[in-house]
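Report on the following structure.
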Amino acid sequence: MTPEIAFYTTAELAREAGVTRRTVMHYAELNLLTPDQVTASGRALYGPYSLRLLRDLIDLRALGMTLEEARDMVTLRRATHDVSGQYRRDWTRSDVPISDQRLEALHARLRAINEAYARQEENLARFDRWLAKRLTGPDVPRSQEATGGE
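Here the sequence shown stands for residues 1 to 150, where the numbers follow UniProt numbering.
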């Protein structure tokens, strides 16, 4: 007996990801998200992997990637993972429908983002601790005190 997969409607997927229904519909219109099933009445249903892809899109956009760069990242994930989200060890370059030129540009962009994050990691953590301490008042959780909250 196979386990039953939970599917999300557009509204449920949006709620789970913390975005608006319109955002999900916009990404679907751009073919960044595709429904895993469509009911007889035409309702789009999304599986758990779609939630992962949507969260990836949100994160990539928050990191400053353009929609085109985010599209390429989702295309890469789809080419290298199966529909359940498991990494496919048997994927080949021919599975990735992105030109070498775009892959090189994406690689350069990813390196720039990683380098910027590495440079800012300590500052971001420090400011997060400082803000958490100021915003929560005198009762700072012990985990922040133990990590040297500013």
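Ideal Cβ positions, reconstructed from N, Cα and C, are used throughout, including at glycine.
Runs of alpha helix (DSSP H) lying entirely within the region 61 to 104, each at least 4 residues, in chain order: 67 to 80
Assigned secondary structure, Val19 (DSSP; H/G/I helix, E/B strand, else coil): coil
Between the CA atoms of Glu122 and Ala79 - distance to the nearest angstrom: Looking at the two C-alpha atoms, the distance is approximately 34 Å.
Residues of its chain near Ile113, where Cβ-Cβ distance is below 8 Å and the 5 sequence neighbours each way are ignored: Taking Ile113 as the centre and dropping the five residues before and after it, the same chain places the C-beta of Leu63, Gly64 and Met65 closer than 8 Å to its C-beta, in chain order.
Coil, strand or helix - Glu145 by DSSP: The pLDDT assigned to Glu145 is 47, lower than 50, so where the model puts this residue is not dependable; a value taken from the coordinates is nonetheless given after this. Helix.
For Thr10 and Arg21, believed in contact at Cβ under 8 Å, the rounded distance: 6 Å
Three-way DSSP call (helix, strand, coil) for Ala6 in this model: The three-state secondary structure of Ala6, taken from DSSP, is coil.
Cβ-Cβ distance between Arg71 and His81 below 8 Å: no
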